[in-house]
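Undergrad: Mind looking over this structure? Questions follow.
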Amino acid sequence: MPRPRHPKPEVEQALQYAEARGCQIEMSPGHPWGKIRCPGCALIWIWSTPKNAGNHAKDLRHKVDRCVG
Amino acid sequence: MNEYSFTLQIDGPLTEERVRALYESGCGDMTFQGDETGPGSADVHREAPNFVDAILSAVSDIEHVRGLTVHGVENQELVGLADIAWRLDRTVESSRLLASGRRRSGFPSPVVRRRRGQLWRWSEVAAWANEHLDMHFDPHETDLIAAINAALEVRRLASRLAERERRALRMLAAAG
Numbered sequence: 001m002p003r004p005r006h007p008k009p010e011v012e013q014a015l016q017y018a019e020a021r022g023c024q025i026e027m028s029p030g031h032p033w034g035k036i037r038c039p040g041c042a043l044i045w046i047w048s049t050p051k052n053a054g055n056h057a058k059d060l061r062h063k064v065d066r067c068v069g
Numbered sequence: 070m071n072e073y074s075f076t077l078q079i080d081g082p083l084t085e086e087r088v089r090a091l092y093e094s095g096c097g098d099m100t101f102q103g104d105e106t107g108p109g110s111a112d113v114h115r116e117a118p119n120f121v122d123a124i125l126s127a128v129s130d131i132e133h134v135r136g137l138t139v140h141g142v143e144n145q146e147l148v149g150l151a152d153i154a155w156r157l158d159r160t161v162e163s164s165r166l167l168a169s170g171r172r173r174s175g176f177p178s179p180v181v182r183r184r185r186g187q188l189w190r191w192s193e194v195a196a197w198a199n200e201h202l203d204m205h206f207d208p209h210e211t212d213l214i215a216a217i218n219a220a221l222e223v224r225r226l227a228s229r230l231a232e233r234e235r236r237a238l239r240m241l242a243a244a245g
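Chains A and B supply the protein sequences, listed in that same order. Under the working numbering, the first residue of the first sequence is numbered 1, with each subsequent residue one higher. Under the working numbering, the first residue of the second sequence is numbered 70, with each subsequent residue one higher.
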């Protein structure tokens with residue numbers, strides 16, 4: 001079953017960016033919305049309603065880039 | 070108020086319960102990485118009157134959650150493309166084009182060339198970005214972060230010291 005889309009489009013794009021690099025998205029109930037699991041790296045936590053969706057999306061990409069190189 | 074971006078290093082395991090508590094403690098402007106094995110980190114974008122206040126309020130919000138301690142502000146001088154992209158607010162691909170000289174000339178040369186990616190000296194990249202991308206990185210911030218990290222380290226070690234030693238440290242810090 002496909003995972004639900006994140007309600008913030010910028011964050012959803014960052015999640016697709018992570019998936020394209022071999023990371024997996026896992027859902028959580030409520031806050032946080034979920035987490036990104038990249039091979040060999042600690043979990044990256046995804047907010048449901050970050051204070052600024054653009055900044056959160058940028059940070060998610062940053063942490064994924066650091067993991068997968 | 071300005072928005073300041075930086076990365077904090079955190080001691081203590083990050084569980085789902087703690088991450089939820091972090092949100093409730095006002096950390097919705099941070100992105101956390103870490104798990105039950107610890108340690109973790111947080112990318113922060115904090116609005117504050119100045120850089121020091123931004124860091125101190127972020128540290129306070131994280132440490133409001135029992136079991137978590139901030140042990141440093143990231144202050145790497147050698148950075149890879151992922152960190153350059155984050156600091157310049159660009160994608161990695163855009164930063165790669167800048168570094169290759171295909172978009173603009175004069176980007177600093179990497180100081181470390183590895184098979185798994187090159188490393189640049191951040192002070193050189195920041196000076197180049199100020200000149201060519203109209204950015205405003207303050208070289209003073211590096212000194213400020215070094216001082217804050219020293220204070221965090223003193224705080225960490227203080228519990229192991231006797232009162233007279235802690236008093237001597239306070240006098241030393243107040244001098245100058």
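In this text, a Cβ means the ideal position worked out from N, Cα and C, and glycines have one as well.
With 8 Å as the C-beta to C-beta threshold (strictly closer), list the residues of the segment 170-198 of chain B near chain A in chain order.
TA: From the segment 170-198 of chain B, only ARG185 and GLY186 have a Cβ closer than 8 Å to chain A.
Undergrad: Could you work out which residue in B:GLY107, B:LEU202, B:PRO208 and B:ARG184 is closest to ARG190 of chain B when comparing CA atoms only?
TA: For the purposes of this step, residue 190 of chain B is identified with residue 121 of the second sequence, where counting begins at 1. That would be B:PRO208, whose Cα lies nearest to the Cα of ARG190 of chain B.
Undergrad: Taking just the CA atoms, how far does ASN55 of chain A sit from ASP203 of chain B?
TA: Position 134 of the second sequence holds residue 203 of chain B. Position 55 of the first sequence holds residue 55 of chain A. Distance between the alpha carbons of ASP203 of chain B and ASN55 of chain A: 20 Å.
Undergrad: For the alpha helix (DSSP H) that LYS8 of chain A lies in, which residues bound it at each end?
TA: For the purposes of this step, residue 8 of chain A is identified with residue 8 of the first sequence, where counting begins at 1. LYS8 of chain A -> no alpha helix (DSSP H), and no H or E assigned at all.
Undergrad: List, in order along the chain, the chain B residues whose C-beta lies closer than 8 Å to that of ILE44 of chain A?
TA: Taking the first residue of the first sequence as position 1, residue 44 of chain A is located at position 44. Within chain B, the residues near ILE44 of chain A are THR100, PHE101 and GLN102.
Undergrad: Identify every residue that forms a DSSP beta bridge with LEU83 of chain B.
TA: The residue labelled residue 83 of chain B in the question sits at position 14 within the second sequence. DSSP output for LEU83 of chain B lists no bridge partner at all.
Undergrad: Checking the sheet assignment: what are the DSSP bridge partners for ASP112 of chain B?
TA: For the purposes of this step, residue 112 of chain B is taken as residue 43 along the second sequence, with counting starting at 1. B:THR76 and B:THR100.
Undergrad: If contacts are defined as beta-carbon pairs under 8 Å, then MET70 of chain B and PRO108 of chain B qualify, I think. What distance do you get, rounded to the angstrom?
TA: The sequence position of residue 70 of chain B within the second sequence is 1, counting from 1. The sequence position of residue 108 of chain B within the second sequence is 39, counting from 1. Actually they do not touch by this definition, with Cβ atoms about 30 Å apart.
Undergrad: LYS51 of chain A by DSSP, collapsed to three states: which one?
TA: The count along the first sequence starts at 1 and reaches residue 51 of chain A at position 51. Coil at LYS51 of chain A, not helix or strand.
Undergrad: Using Cβ-Cβ distances below 9 Å, what residues of the segment 83-94 of chain B are close to chain A?
TA: Going along the segment 83-94 of chain B in chain order, one finds LEU83, GLU85, VAL88, ARG89, LEU91, TYR92 and GLU93 with a Cβ nearer than 9 Å to chain A.
Undergrad: Which word fits HIS205 of chain B, buried or exposed, when buried means at least 16 other C-beta atoms lie within 10 angstroms of its C-beta?
TA: Stepping through the second sequence from its first residue, residue 205 of chain B is reached at position 136. Flag for HIS205 of chain B reads exposed.
Undergrad: Does the distance from the CB of HIS62 of chain A to the CB of SER48 of chain A come in under 9 Å?
TA: What you label residue 62 of chain A is simply residue 62 of the first sequence in a count that begins at 1. What you label residue 48 of chain A is simply residue 48 of the first sequence in a count that begins at 1. No, these two residues do not count as a Cβ contact at 9 Å.
Undergrad: Please return the same chain residues whose Cβ sits closer than 8 Å to the Cβ of GLY170 of chain B, not counting the five positions on each side in sequence.
TA: Translated into the one-based positions of the second sequence, residue 170 of chain B becomes position 101. Cβ within range, chain order: PHE176.
Undergrad: Can you name the residues of chain A whose CB is closer than 7 Å to the CB of GLY141 of chain B?
TA: Taking the first residue of the second sequence as 1, we reach residue 141 of chain B at position 72. Neighbours of GLY141 of chain B on chain A: none; closest Cβ ~17 Å, over 7 Å.
Undergrad: How should ALA151 of chain B be labelled, buried or exposed, when 16 other C-beta atoms within 10 angstroms of its C-beta is the threshold for buried?
TA: Residue mapping note: residue 151 of chain B aligns to position 82 of the second sequence, counting from 1. Classification for ALA151 of chain B: buried.
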